[in-house]
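Protein sequence lines, in the order shown, are assigned to chains G and E.
Quick note on UniProt numbering: the first sequence kicks off at 1 and runs consecutively.
Quick note on UniProt numbering: the second sequence kicks off at 1 and runs consecutively.
Ideal Cβ placement from N, Cα and C applies to all residues, glycine included.
Values in this document were obtained by computation on a predicted structure and should not be read as measured data.
See below for the structure under consideration.
There are 2 protein chains.
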Amino acid sequence: MYRKEIKVLDCTVRDGGLMNNWQFSDDFVRSVYNACVEAGVDYMEIGYLSSEKAFDRNVVGPWKFCKDEDLRRIVGDNNTSLKLSAMADIGRIDLEDIPMASESLLDMIRVACYVHQVDKAIELAHHCMDKGYEVSINLMAVSTVNERDLDEALADIAKSRVPIFYAVDSYGSMYNETVQHLVRKYKAAMPGKEIGIHAHNNMQLAMANTITAIQEGCTYLDATLLGLGRGAGNCHLEILVAFLKNPKYRLLPLLQTIQDHIHPLQKDIDWGYHIPYLVTGALNEHPRSAMKWMDSERKNDFVAFMKEMHDYQ
Amino acid sequence: MYRKEIKVLDCTVRDGGLMNNWQFSDDFVRSVYNACVEAGVDYMEIGYLSSEKAFDRNVVGPWKFCKDEDLRRIVGDNNTSLKLSAMADIGRIDLEDIPMASESLLDMIRVACYVHQVDKAIELAHHCMDKGYEVSINLMAVSTVNERDLDEALADIAKSRVPIFYAVDSYGSMYNETVQHLVRKYKAAMPGKEIGIHAHNNMQLAMANTITAIQEGCTYLDATLLGLGRGAGNCHLEILVAFLKNPKYRLLPLLQTIQDHIHPLQKDIDWGYHIPYLVTGALNEHPRSAMKWMDSERKNDFVAFMKEMHDYQ
Chain G
1 MYRKEIKVLD
11 CTVRDGGLMN
21 NWQFSDDFVR
31 SVYNACVEAG
41 VDYMEIGYLS
51 SEKAFDRNVV
61 GPWKFCKDED
71 LRRIVGDNNT
81 SLKLSAMADI
91 GRIDLEDIPM
101 ASESLLDMIR
111 VACYVHQVDK
121 AIELAHHCMD
131 KGYEVSINLM
141 AVSTVNERDL
151 DEALADIAKS
161 RVPIFYAVDS
171 YGSMYNETVQ
181 HLVRKYKAAM
191 PGKEIGIHAH
201 NNMQLAMANT
211 ITAIQEGCTY
221 LDATLLGLGR
231 GAGNCHLEIL
241 VAFLKNPKYR
251 LLPLLQTIQD
261 HIHPLQKDID
271 WGYHIPYLVT
281 GALNEHPRSA
291 MKWMDSERKN
301 DFVAFMKEMH
311 DYQ
Chain E
1 MYRKEIKVLD
11 CTVRDGGLMN
21 NWQFSDDFVR
31 SVYNACVEAG
41 VDYMEIGYLS
51 SEKAFDRNVV
61 GPWKFCKDED
71 LRRIVGDNNT
81 SLKLSAMADI
91 GRIDLEDIPM
101 ASESLLDMIR
111 VACYVHQVDK
121 AIELAHHCMD
131 KGYEVSINLM
141 AVSTVNERDL
151 DEALADIAKS
161 RVPIFYAVDS
171 YGSMYNETVQ
181 HLVRKYKAAM
191 PGKEIGIHAH
201 NNMQLAMANT
211 ITAIQEGCTY
221 LDATLLGLGR
231 GAGNCHLEIL
241 VAFLKNPKYR
251 LLPLLQTIQD
261 HIHPLQKDID
271 WGYHIPYLVT
281 GALNEHPRSA
291 MKWMDSERKN
301 DFVAFMKEMH
311 DYQ
């Protein structure tokens with residue numbers, strides 16, 4: 001019943017850190033790591049790979065950098081079946097700051113880019129591959145990219161050596177037919193590449209869109225514990241694991257960490273489905289205005305937010 | 001882009017009342033009613049139609065009975081385009097307690113039944129039709145009905161005069177392929193009937209399953225404001241209206257009532273996605289054990305609940 005080729009990637013710390021500047025305690029990160037190991041999850045994306053000069057350590061926590069000494073404090077030598085990933089943003093990491101994979105605890109680097117950065121993303125991705133990493137390119141905000149630009153980007157990636165390419169619903173504005181169309185387009189334009197899915201939950205469709213992506217042949221599935229992530233959050237890892245029939249995955253370790261660390265965090269961080277996130281998702285807008293609203297005293301004035309965002313009634 | 005034949009049915013008060021014994025203030029119910037009118041929603045299901053002797057008015061609020069005088073206090077003569085519906089459970093309403101439609105503010109009666117009650121449901125439905133009501137039959141808990149029993153029930157309904165039949169995911173255990181299979185089966189077995197969808201959100205799939213049902217030709221769509229409903233709640237009315245492209249629907253009045261009445265209720269009632277509801281949904285179990293757990297002091301001990309429910313890890 002299950003597909004052996006499916007890989008589940010937890011990005012709780014990486015995407016969730018967008019809500020708290022990666023200010024997670026070591027206990028928190030270690031609990032997520034242990035849960036992923038025990039649950040049989042394939043990859044854990046533990047943060048971003050950034051150069052020290054790009055961000056201030058007084059503002060952002062260690063998972064914005066993913067230095068080896070920080071990783072080692074959590075995972076030791078990582079003598080487990082769980083692979084570790086970090087995301088790299090174009091312009092935030094210098095090539096010389098990326099260690100050889102043989103000297104790093106990281107197994108995979110995922111290069112995030114906007115459509116105008118695809119050539120730079122391919123360059124960075126090739127560099128990482130040459131250093132021994134597994135590599136993907138994650139094209140963000142594709143719901144706002146016009147057809148001409150997207151076709152050109154896909155053609156460039158098709159010609160590259162990069163083996164994995166992600167369908168990313170950054171704004172949580174896609175529904176099943178959008179995902180179906182996009183994944184079919186990706187597969188047709190880039191034969192032989194593996195396709196991944198990264199969904200956001202603005203319209204409570206992240207889990208369903210991930211199922212649609214599976215049905216269309218996606219093999220890399222992003223998810224986070226209790227959906228922890230930017231704005232409305234992500235596809236829930238615990239729902240995904242409950243859905244997948246692969247006997248290697250186990251739900252109980254995930255529930256333990258949700259119970260101990262993730263659920264209590266809801267007191268401090270307002271990720272998940274909230275009306276302002278629905279509004280930006282339905283309008284195919286970046287969630288930043290909704291996040292700003294949710295941080296203000298007017299967070300529960302949904303009508304004012306919608307009026308501010310758009311004149312549709 | 002939109003389908004004219006689609007009807008949206010709000011069941012906020014009826015399904016939400018399962019969480020608080022229909023103890024809503026008149027202000028609350030009036031706000032939902034006004035929102036539905038202003039938003040262009042087609043039906044509002046305001047409660048259950050029950051005989052007085054079936055329930056104690058000291059325990060349940062007026063929307064368990066939907067007496068004309070209670071309705072009139074909220075809706076006046078209901079000189080609007082919004083139609084009013086009530087749900088009738090088999091055995092909870094005596095035929096003689098149902099007024100003629102011409103003497104009632106109700107436009108529609110939806111007969112809820114389990115598979116062994118289908119013959120009684122058809123009898124009650126015909127009775128209501130003969131009294132002048134629009135009528136549907138809503139077969140609950142179909143995810144636990146075996147194929148032989150379901151085929152027989154569908155054949156009986158196909159032969160009846162009842163024009164509308166609902167696909168009901170009582171346990172929130174269905175995903176898109178389940179809904180697709182079920183709706184196709186219903187349409188094939190009952191040509192000429194309209195099909196409705198009533199989804200629950202245990203696996204955060206209620207909205208997606210409603211979209212799938214639309215794609216399969218369902219025309220009656222149930223939803224509630226902010227998903228208020230039993231356990232994990234229902235398909236969110238505000239997401240559905242944001243999704244539908246029919247220009248007659250308006251989102252802003254729904255957000256106003258969510259802001260004023262529904263969102264504040266989250267302090268008192270724990271509907272919506274919570275891990276215990278995921279567990280019962282994934283196991284295709286009635287949510288009652290999860291609701292009981294959520295009412296206990298151990299509500300956030302997710303691991304203990306899952307261990308109690310099942311030995312799968």
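- Cβ of G:M207 within 8 Å of any chain E Cβ: The residue you call residue 207 of chain G lines up with position 207 of the first sequence. Taking Cβ atoms only, chain E reaches closer than 8 Å to G:M207, which makes this a yes.
- Query: Can you tell me whether DSSP reads E:R110 as helix, strand or coil?
  - Reply: In the second sequence, residue 110 of chain E corresponds to position 110, counting from 1. Strand.
- Using the DSSP secondary-structure output, state which residues sit across from E:A47 in a beta bridge. Taking the second sequence and counting its residues from 1, the one referred to as residue 47 of chain E is at position 47. Reading off the sequence, residue 47 of chain E comes out as Gly, not Ala. In the DSSP output, where bridge partners are listed per residue, E:G47 has E:A86.
- Task: With 8 Å as the threshold, decide whether the Cβ of E:N176 is near any Cβ in chain G.
- Result: The residue given as residue 176 of chain E occupies position 176 in the second sequence. Yes, E:N176 lies at the interface with chain G (some Cβ there is under 8 Å from its Cβ).
- What are the boundary residues of the beta strand (DSSP E) that E:F305 is part of? One-based indexing of the second sequence puts residue 305 of chain E at position 305. E:F305 -> not in any beta strand (DSSP E); alpha helix (DSSP H) instead, spanning 302-309.
- Would you kindly work out how many angstroms separate the C-alpha atoms of E:Q313 and G:D260, rounded to a whole number? As a position in the second sequence, residue 313 of chain E is number 313, starting the count at 1. As a position in the first sequence, residue 260 of chain G is number 260, starting the count at 1. Residue confidence is low: E:Q313 scores 39 on pLDDT, short of 50, so the model does not pin down where it sits. No coordinate-derived value is stated.
- Query: Identify the residues that DSSP records as bridge partners of G:L139: which are they?
  - Reply: Taking the first sequence and counting its residues from 1, one reaches residue 139 of chain G at position 139. Looking at the DSSP assignment, G:L139 forms a beta bridge with G:C113, G:A167.
- Item | Backbone secondary structure at E:V145 - three-state DSSP | On the second sequence, residue 145 of chain E is found 145 positions in, with the first residue counted as 1. Three-state DSSP puts E:V145 in coil, outside helix and strand.
- Message: So with CB distances below 8 Å, who are the chain G contacts of E:I258?
- Response: Within the second sequence, residue 258 of chain E is the residue found at index 258, counting from 1. Within 8 Å Cβ-Cβ: I275, F302.
- State the Cα-Cα distance for the pair E:L18 and G:N20, rounded to the nearest angstrom. Working through the second sequence from its first residue, we reach residue 18 of chain E at position 18. Working through the first sequence from its first residue, we reach residue 20 of chain G at position 20. Going from the Cα of E:L18 to the Cα of G:N20 covers about 37 Å.
- Message: In the DSSP output, which residue or residues are listed as bridge partners for G:D68?
- Response: Sequence index remark: in the first sequence, residue 68 of chain G carries index 68 (1-based). Answer is none; G:D68 lacks a bridge partner.
- Query: Where does E:I98 fall in DSSP's three states?
  - Reply: Position 98 of the second sequence holds residue 98 of chain E. Note: E:I98 maps to coil in three-state DSSP.
- Query: Mind checking if G:I239 is an interface residue toward chain E, Cβ cutoff 8 Å exclusive?
  - Reply: Counting from 1 along the first sequence, the entry for residue 239 of chain G is found at position 239. Yes, contact with chain E.
- For E:Y312, three-class secondary structure by DSSP: As a position in the second sequence, residue 312 of chain E is number 312, starting the count at 1. Any reading at E:Y312 must be qualified, since the residue scores a pLDDT of 45, below 50, and its modelled position is unreliable; no value is offered.
- is_contact[G:I214, chain E] using C-beta, thresh 8 Å: As a working note, residue 214 of chain G is residue 214 in the first sequence. So, not an interface residue.
- Query: How far does the alpha helix (DSSP H) with E:V60 in it reach, from first residue to last?
  - Reply: The residue labelled residue 60 of chain E in the question sits at position 60 within the second sequence. That residue, E:V60, is in no alpha helix (DSSP H); it is neither H nor E in DSSP.
- Less than 8 Å between the CB atoms is what I'm expecting for G:Y133 and G:A101, so what's the real figure, rounded? Stepping through the first sequence from its first residue, residue 133 of chain G is reached at position 133. Stepping through the first sequence from its first residue, residue 101 of chain G is reached at position 101. At roughly 5 Å, the Cβ-Cβ gap stays under 8 Å, so G:Y133 and G:A101 are in contact.
- Could you round the C-beta distance between G:S85 and G:Y43 to whole angstroms and report it? I think they count as a contact, below 8 Å. Here residue 85 of chain G refers to the residue found at position 85 of the first sequence. Here residue 43 of chain G refers to the residue found at position 43 of the first sequence. Confirmed, about 5 Å.
- Query: Name the chain E residues whose beta carbon is nearer than 7 Å to that of G:H263?
  - Reply: Position 263 of the first sequence holds residue 263 of chain G. In chain order: N300.
- Does E:A223 get closer than 8 Å to chain G when you measure Cβ to Cβ? Counting from one through the second sequence, the residue named residue 223 of chain E turns up at place 223. So no, E:A223 is outside the interface.
- Could you check which residue in G:P276, G:N202, G:K67 has the C-alpha nearest to that of G:A232? Taking the first residue of the first sequence as position 1, residue 232 of chain G is located at position 232. Comparing Cα-Cα distances from G:A232 to each of G:P276, G:N202, G:K67, the minimum goes to G:N202.
- Is the CB-CB distance between G:G16 and G:R250 below 8 Å? In the first sequence, residue 16 of chain G corresponds to position 16, counting from 1. In the first sequence, residue 250 of chain G corresponds to position 250, counting from 1. Cβ atoms of G:G16 and G:R250: not closer than 8 Å.
- Secondary structure at E:A206, three-state DSSP: helix, strand or coil? For the purposes of this step, residue 206 of chain E is taken as the residue at position 206 of the second sequence. In this structure, E:A206 counts as helix in the three-state DSSP scheme.
- Item | Identity of the residues DSSP links to E:T224 by a beta bridge | What you label residue 224 of chain E is simply residue 224 of the second sequence in a count that begins at 1. DSSP, once it has assigned bridges, lists E:H236 as partnering E:T224.
- Query: From E:Q180, E:A189, E:P191, pick the residue whose C-alpha is nearest to that of E:I197; which is it?
  - Reply: Stepping through the second sequence from its first residue, residue 197 of chain E is reached at position 197. Considering only alpha carbons, the answer is E:Q180.
- Query: How about G:L49: is its C-beta nearer than 8 Å to some C-beta of chain E?
  - Reply: Here the question's residue 49 of chain G lines up with position 49 in the first sequence. With 8 Å as the cut-off, G:L49 does not count as an interface residue toward chain E.
- Message: I'd like to know if the stretch 165-183 of chain G and the stretch 264-283 of chain G are in contact, where contact means that at least 3 CB-CB pairs between them fall below 8 Å.
- Response: yes
- Item | Beta-carbon proximity list for E:G47, same chain, < 8 Å, skipping 5 on both sides | Residue 47 of chain E sits at position 47 when you count from the first residue of the second sequence. Answer for E:G47: V13, R14, G17, W22, P62, W63, K64, F65, C66, A86, M87, listed in chain order.
- Message: Under 8 Å, with one C-beta from each stretch per pair, do the stretch 211-218 of chain G and the stretch 261-271 of chain G reach the 3-pair mark?
- Response: no
- Query: Comparing alpha-carbon positions, which option in E:I93, E:C128, E:K292, E:F24 lies nearest E:V59?
  - Reply: Position 59 of the second sequence, counting from 1, holds the residue named residue 59 of chain E. Measuring from the Cα of E:V59, the nearest candidate turns out to be E:F24.
- Message: With H, G and I counted as helix, E and B as strand and the rest as coil, what does DSSP make of E:D27?
- Response: Sequence index remark: in the second sequence, residue 27 of chain E carries index 27 (1-based). Reduced to three states, the DSSP call for E:D27 is helix.
- Query: By Cβ distance, which residues of its chain are closer than 7 Å to E:Y2, with the 5 residues on each side in sequence left out?
  - Reply: In the second sequence, residue 2 of chain E corresponds to position 2, counting from 1. Hits under 7 Å: L244, K245, N246.
- Message: Can you tell me whether E:P191 is buried or exposed? The criterion is at least 16 other CB atoms within 10 Å of its CB, across all chains shown.
- Response: Here residue 191 of chain E corresponds to residue number 191 of the second sequence, with the count starting at 1. Exposed, by the Cβ-count rule.
- Just how far apart, CA to CA, sit G:Q204 and G:F165? Here residue 204 of chain G is taken as the residue at index 204 of the first sequence, counted from 1. Here residue 165 of chain G is taken as the residue at index 165 of the first sequence, counted from 1. The alpha-carbon atoms of G:Q204 and G:F165 are separated by roughly 24 Å.
- Message: Using the Cβ count rule (16 or more neighbours within 10 Å means buried), how would you classify G:D117?
- Response: Looking up residue 117 of chain G in the first sequence gives position 117. What sits at residue 117 of chain G in the sequence shown is Gln, not Asp. It is buried - the Cβ of G:Q117 has at least 16 other Cβ atoms within 10 Å.
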